[in-house]
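Please read the structure below before turning to the comments.
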Amino acid sequence: MSRTLAPGTLDAWLLETLAGATADTAVLAGHFAIFSAGATPVDGLIDDTGNAAGMREMTEFTRATWHGAARAIASRSAARLVVLVDDIQFIRPVAGERAVAERLAAALAADYLERTPHLPAYHRAAIDATGCDPDRVLAKDAARLLFSERELRIAAARRVRHAVNGGELDHLAAVSCDQGNTITITIAEQGDYDLLRAGHVSCAGGYAELLATLSDRGIRRMVALVPARCLGAVSLGTLLARRAFGAGGMAVTTVAVGGAGTPAVVLEEG
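The numbering of the sequence shown is my numbering, which starts it at 135 and goes up by one.
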């Protein structure tokens with residue numbers, strides 16, 4: 135089921151939707167990216183005057199969704215906030231060889247995460263401004279608050295291999311080839327899909343891992359505010375989480391948020 139929110143009404147919708155929500159509800163909001171061409175990554179959230187158009191689009195999304203969700207939870211909700219960092223897409227080291235660039239990108243992302251065990255400065259300032267309890271943020275683990283797209287994809291690949299080896303995906307007609315580096319499944323709504331390709335999962339697979347991880351930790355309802363351009367991958371990831379990653383019991387509401395002046399699209403699943 136889907137519906138459209140008129141421009142400027144997302145905050146009111148969040149207040150209504152999250153009213154009375156309990157701690158088994160998670161809200162993915164304030165999703166942000168880090169940017170680097172080889173130097174120390176930055177998030178560009180506090181000062182984006184020099185940002186390119188793609189960076190500004192992402193930072194505007196981050197600000198709008200984080201403020202709205204934090205305000206709604208501070209008002210009348212016990213829901214938990216989840217913060218996800220895109221530490222893949224915008225880390226683009228200038229290097230001659232692809233393998234070298236990929237290793238450098240991974241090192242830069244790991245360094246950022248190590249230096250950021252708490253919320254980024256922008257996210258914490260917004261929490262303070264809205265009066266939201268910082269403890270409402272659901273930590274990735276005891277050492278860090280942020281969930282990492284890069285780490286989620288790695289964990290997803292591990293989960294898939296384990297599931298195939300244990301026969302847990304046999305109901306999806308899973309086929310493994312290339313010594314397990316490519317795993318294809320069949321889903322009625324999707325057809326044949328390479329869940330694992332050349333040893334890696336897609337963005338959708340990483341998102342499925344996030345949902346599965348939260349489900350494993352007792353989250354039963356997810357409200358995910360995502361960039362409109364990511365709706366296709368997120369919808370596929372939600373399907374994968376339900377059919378292949380063991381998160382079938384989670385109710386998921388996905389909100390695709392575009393730029394200022396554009397409507398948001400709400401999808402209810404489960």
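Virtual Cβ for every residue (Gly too), placed ideally from N, Cα, C.
Keep in mind that this is a model prediction, so the values were computed, not measured.
Ordered list of beta strand (DSSP E) runs contained in the segment 284 to 313, each at least 3 residues:
309 to 311
Beta carbon of GLU302, beta carbon of ASP220: below 7 Å?
Counted from its first residue, the sequence shown places residue 302 at position 168. Counted from its first residue, the sequence shown places residue 220 at position 86. Against a cut-off of 7 Å, the Cβ pair of ASP220 and GLU302 comes out as no contact.
Identify every run of the beta strand (DSSP E) within the segment 309 to 366, keeping only runs that are complete inside it and at least 3 residues long; order them along the chain.
309 to 311, 316 to 321, 325 to 330, 355 to 361
Is it buried or exposed for ARG210, if we count other Cβ within 10 angstroms and need 16 for buried?
Mapped onto the sequence shown, residue 210 falls at position 76. Burial call: exposed.
What distance in whole Å lies between the Cβ atoms of GLY340 and LEU410, which are believed to be in contact at a cut-off of 8 Å?
Not covered by the structure: residue 410. The range shown for the chain is 135 to 404.
Leaving out the 5 sequence neighbours to the left and right, which residues in its chain are closer than 8 Å to ALA307 when beta-carbon positions are compared?
One-based indexing of the sequence shown puts residue 307 at position 173. Once the five neighbours on either side are set aside, the close Cβ partners of ALA307 are ILE319, THR320.
What do you get for SER136, buried or exposed, if any count of 16 or more other CB atoms within 10 angstroms of its CB means buried?
As a working mapping, residue 136 is identified with position 2 in the sequence shown. Result: exposed.
C-beta atoms of ALA208 and GLY154 nearer than 7 Å
The residue labelled residue 208 in the question sits at position 74 within the sequence shown. The residue labelled residue 154 in the question sits at position 20 within the sequence shown. Cβ atoms of ALA208 and GLY154: not closer than 7 Å.
Ends of the beta strand (DSSP E) at ALA160?
Counted from its first residue, the sequence shown places residue 160 at position 26. Where ALA160 is concerned, the enclosing beta strand (DSSP E) stretches over 159 to 162.
With a threshold of 16 other CB atoms inside 10 Å of the CB of ALA255, please say whether the residue is buried or exposed.
As a working mapping, residue 255 is identified with position 121 in the sequence shown. Exposed, since its Cβ has fewer than 16 Cβ neighbours within 10 Å.
In whole angstroms, give me the CA-to-CA distance for ILE353 and ARG214.
Within the sequence shown, the letter at position 219 stands for residue 353. Within the sequence shown, the letter at position 80 stands for residue 214. The alpha-carbon atoms of ILE353 and ARG214 are separated by roughly 9 Å.
Backbone CA spacing between LEU247 and PHE224 [nearest angstrom]
Counting from 1 along the sequence shown, the entry for residue 247 is found at position 113. Counting from 1 along the sequence shown, the entry for residue 224 is found at position 90. C-alpha separation (whole angstroms): 15 Å.
When DSSP labels each residue in this structure, what does PRO276 get in the three-state scheme?
Here residue 276 refers to the residue found at position 142 when the sequence shown is read from its first residue. Looking at the sequence provided, one finds Ala at residue 276 rather than Pro. Coil at ALA276, not helix or strand.
Name the one or two DSSP bridge partners that THR138 has.
Looking up residue 138 in the sequence shown gives position 4. BP columns for THR138 point to VAL399.
For ALA173, does the three-state DSSP call read helix, strand or coil?
Sequence index remark: in the sequence shown, residue 173 carries index 39 (1-based). Coil at ALA173, not helix or strand.
Go ahead and pull the three-state DSSP assignment for SER211.
Taking the sequence shown and counting its residues from 1, one reaches residue 211 at position 77. In the structure shown, SER211 sits in coil (DSSP, three-state: anything other than H, G, I, E or B).
If distances are taken between C-alpha atoms only, which option among GLY382, LEU253, GLU343, THR156 comes closest to VAL294?
In the sequence shown, counting from the first residue as 1, residue 294 sits at position 160. Checked all of GLY382, LEU253, GLU343, THR156; the closest Cα to VAL294 is GLU343.
Backbone secondary structure at ILE180 - three-state DSSP
The residue you call residue 180 lines up with position 46 of the sequence shown. If DSSP states are grouped into helix, strand and coil, ILE180 belongs with coil.
Assuming ALA291 contacts HIS334 (C-beta within less than 8 Å), just tell me the rounded distance between them.
Taking the first residue of the sequence shown as 1, we reach residue 291 at position 157. Taking the first residue of the sequence shown as 1, we reach residue 334 at position 200. Contact flag correct, Cβ pair sits at about 6 Å.
Pull up the distance between the alpha-carbon of MET189 and that of LEU359, whole angstroms please.
Working through the sequence shown from its first residue, we reach residue 189 at position 55. Working through the sequence shown from its first residue, we reach residue 359 at position 225. Between MET189 and LEU359, the C-alpha separation is close to 18 Å.
Quick check on this structure: which residue in GLU191, ARG377, THR151 has the alpha carbon closest to the alpha carbon of PHE169?
Indexing the sequence shown from 1 puts residue 169 at position 35. For the residues GLU191, ARG377, THR151, the minimum Cα distance to PHE169 belongs to GLU191.
Within 10 Å of its beta-carbon, does HIS296 have 16 or more other beta-carbons around it, so buried, or fewer, so exposed?
Reading the sequence shown from its first residue, position 162 is the one you call residue 296. That one is exposed.
Going by the C-beta, is ASP312 closer than 6 Å to any heavy atom of the ligand GDP?
Of ligands this structure carries none, so the ligand GDP is not represented either.
Taking the alpha-carbon of VAL217 as reference, which of ALA240, ASP269, ALA229 has the nearest alpha-carbon?
Numbered from its first residue, the sequence shown carries residue 217 at position 83. The shortest C-alpha separation from VAL217 is found at ASP269.
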